[in-house]
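Notes follow once the structure below has been shown.
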Amino acid sequence: SRIPRIVILGAGYGGIVTAIRLQKVLNYNEADVTLVNKHDYHYITTDLHMPAAGTGDPEKARVNILKLIDEFKVDFVKSTAVQIRPHEKKVILEDGTLSYDYLVVGLGGEPETFGIPGLKEHAMNIRSINSVRFIREHIEYQFAKFKREPDRKDYLTFVVGGAGFTGIEFVGELADRVPELCKEFDVDPSLVKIYNIEAAPTALPGFDPELVEYGMKVLADKGVIFKIGTAIKECTPEGVLIAGDEFIKAATVVWTGGIRGNHMLDDAGFETMRGRVKVDAHLRSPQFENIFIVGDCSIVMNPEGKPYPPTAQIATQQGECCAHNLVAAIRGNPLKEFTFVNRGVVASLGRGEAIGVVGNRKFRGWIASVLKKLVDIRYLYIIGGIPLVLRKGRF
Ligand code: FAD
Numbered sequence: 011s012r013i014p015r016i017v018i019l020g021a022g023y024g025g026i027v028t029a030i031r032l033q034k035v036l037n038y039n040e041a042d043v044t045l046v047n048k049h050d051y052h053y054i055t056t057d058l059h060m061p062a063a064g065t066g067d068p069e070k071a072r073v074n075i076l077k078l079i080d081e082f083k084v085d086f087v088k089s090t091a092v093q094i095r096p097h098e099k100k101v102i103l104e105d106g107t108l109s110y111d112y113l114v115v116g117l118g119g120e121p122e123t124f125g126i127p128g129l130k131e132h133a134m135n136i137r138s139i140n141s142v143r144f145i146r147e148h149i150e151y152q153f154a155k156f157k158r159e160p161d162r163k164d165y166l167t168f169v170v171g172g173a174g175f176t177g178i179e180f181v182g183e184l185a186d187r188v189p190e191l192c193k194e195f196d197v198d199p200s201l202v203k204i205y206n207i208e209a210a211p212t213a214l215p216g217f218d219p220e221l222v223e224y225g226m227k228v229l230a231d232k233g234v235i236f237k238i239g240t241a242i243k244e245c246t247p248e249g250v251l252i253a254g255d256e257f258i259k260a261a262t263v264v265w266t267g268g269i270r271g272n273h274m275l276d277d278a279g280f281e282t283m284r285g286r287v288k289v290d291a292h293l294r295s296p297q298f299e300n301i302f303i304v305g306d307c308s309i310v311m312n313p314e315g316k317p318y319p320p321t322a323q324i325a326t327q328q329g330e331c332c333a334h335n336l337v338a339a340i341r342g343n344p345l346k347e348f349t350f351v352n353r354g355v356v357a358s359l360g361r362g363e364a365i366g367v368v369g370n371r372k373f374r375g376w377i378a379s380v381l382k383k384l385v386d387i388r389y390l391y392i393i394g395g396i397p398l399v400l401r402k403g404r405f
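Numbered according to this note's numbering, the sequence shown spans residues 11 to 405.
The structure is reproduced here in structure tokens:
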């Protein structure tokens, strides 16, 4: 009989781990595996706040996919998927078509703007190597422009929408970068304003309140101005309108306030919640049992019936389970249920500062920032072993 074809869309955390596990476990000629990704590199999304602020090199945050996969076992196709046709078992790429017996959707998330006018058009997002290089250049350019038009204080005003993990980690880096930029461009640091605006009643909702308080104090001491419990009502090319009808003039608005699943899932007729598919216990679409969905495109419920937040940690674990279940399906063995094991959560607050919870222990300050580096190194080790740790690790 014909060899089953597996197509994996997206080489993010979920997709790349699925591919790497499959190439380890599958026997010769047991399946044809094709991995499709927009770029020829995988990126360490959890590090992108650094190159976005200019405190880290974007090169460190990306890894050539051909260094991670064995081309004798997995075909890599650099292309952009444009449509999934689940009834025909086909995927349409910008430059071709792929047929599959099993599909893995690991396309990651897209910014969720909750219908707030102007955010889509005028705010920047931290989501890819291209987007963070743009943000970094944009920030530097504002300092250069200010020197030519010194009455334009809005060039030195930075608004970050959202105080979830991405927003908090980014303002931490930005607050570290500002003094360097002020020196480089001869700008008085007291003219620079960094706002972090969050609609929820607290920063880092769901995180340990004591650590949140500590984190906010660290960031406030670095100059971050928090507006918590304050919704952004509109974004314009000139800045943001916030609750209370205050307008903050700012030439830089970065939106980190939410993510949704890839639009292709909605387009293809999958039942979704904000573009994300609530998968079955084995990580499959409840509508199509040959389609697995991992990472930010999927929703997995915790034992209390609430969705787990979309993270690299859960995407990586889903990738391992997904690969196991693909092999089981091909061999006619029973699939296993996915269970998430929380290995801890650490948020960085810029240089040498972080907050984290591992098990029921809380960490803050220097020790937490070391933990954060260990988490990053562990991931590099999982996907690329010691050589990758040495090339891309931040020590
Ligand atoms: P992603 O990693 O989002 O990758 C999707 C891939 O699909 C990309 O390679 C993309 O190029 C590709 N792709 C997209 N569209 C197409 C297309 N049409 N055709 C082909 N390819 C396509 N999580 C944590 O657990 N811990 C953290 O500390 C943490 N910190 C974060 C910090 C920042 C700044 C950000 C932005 C996120 C952070 N996260 C963190 C969240 C985490 O990064 C995401 O949950 C995770 O990346 C989701 O993985 P994924 O497998 O869904 O796909």
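Using N, Cα and C, we set each Cβ at its ideal position, and we do this for glycine too.
The three-state secondary structure of GLN323, taken from DSSP, is helix. Taking C-alpha positions only, ARG294 is separated from GLY106 by approximately 25 Å. From the listed residues VAL17, ILE13, ALA21, the smallest Cα separation to ALA322 is found for ALA21. In the DSSP assignment, THR44 falls within the beta strand (DSSP E) that extends over 42 to 47. Residue environment: GLU131 is assigned as exposed (fewer than 16 neighbouring CB atoms within 10 Å of its CB, all protein chains considered). Between ILE252 and THR167, the alpha-carbon positions lie close to 15 Å from each other. Less than 8 Å divides the Cβ of TYR389 from the Cβ of THR326. Taken from the Cβ of THR44, every heavy atom of the ligand FAD lies 7 Å or farther away.
Note: SER358 is bridge-paired with ALA364 in the DSSP secondary-structure output.
Excluding its 5 nearest sequence neighbours in each direction, THR176 has C-beta neighbours in its own chain below 7 Å: HIS59, ILE136, THR266, listed in chain order. The Cβ-Cβ distance between PHE180 and VAL170 falls below 8 Å. Straight through space, the alpha carbons of ILE207 and VAL84 are spaced by roughly 44 Å. Three or more pairs of CB atoms, one per stretch, sit closer than 8 Å, so the region 369 to 379 contacts the region 216 to 223.
When GLY119, ILE258, GLU330 are compared, the shortest CA-CA separation from ILE30 is found for GLU330. Checking the 7 Å criterion, the Cβ of ALA91 is within range of a heavy atom belonging to the ligand FAD. Rounded to the nearest angstrom, the Cβ distance from CYS245 to LEU129 is 5 Å, consistent with a contact under 8 Å. Residue pairing for GLU208: DSSP places it in a beta bridge opposite ILE238.
A straight line joining the alpha-carbon of ALA209 with that of ILE126 spans about 12 Å. Around the beta carbon of LEU32, 16 or more other beta carbons sit within 10 angstroms, so the residue counts as buried. Residue pairing for GLU256: DSSP places it in a beta bridge opposite ILE252. For ASN47, the Cβ falls inside the 7 Å cut-off from some heavy atom of the ligand FAD.
Put simply, of LEU384, TYR51, LYS346 the residue whose alpha carbon is nearest the alpha carbon of GLU69 is TYR51. Only exposed fits GLN297, as fewer than 16 other CB atoms lie within 10 angstroms of its CB. Nearest neighbour of GLU190 by Cα position, chosen from MET274, LEU19, PHE153, VAL264, turns out to be PHE153. The beta carbon of ASP255 sits no closer than 7 Å to any heavy atom of the ligand FAD. A direct Cα-to-Cα measurement between CYS192 and MET311 gives close to 46 Å.
In the DSSP secondary-structure assignment, ARG95 is bridged to LYS100. The three-state reading of DSSP puts PHE82 in coil, since its state is none of H, G, I, E or B. The three-state reading of DSSP puts LYS383 in helix, counting H, G and I together. Judged by their CB atoms, GLU159 and GLY64 are not nearer to each other than the 8 Å cut-off.
Taken through DSSP and simplified to helix, strand or coil, GLY182 comes out as helix. Not a single heavy atom of the ligand FAD lies less than 7 Å from the C-beta of GLY216.
For the pair SER89 and ARG15, the CB atoms are not nearer than the 8 Å cut-off. Judged by DSSP secondary structure, TYR224 falls outside any beta strand (DSSP E) and instead within the alpha helix (DSSP H) spanning 219 to 231.
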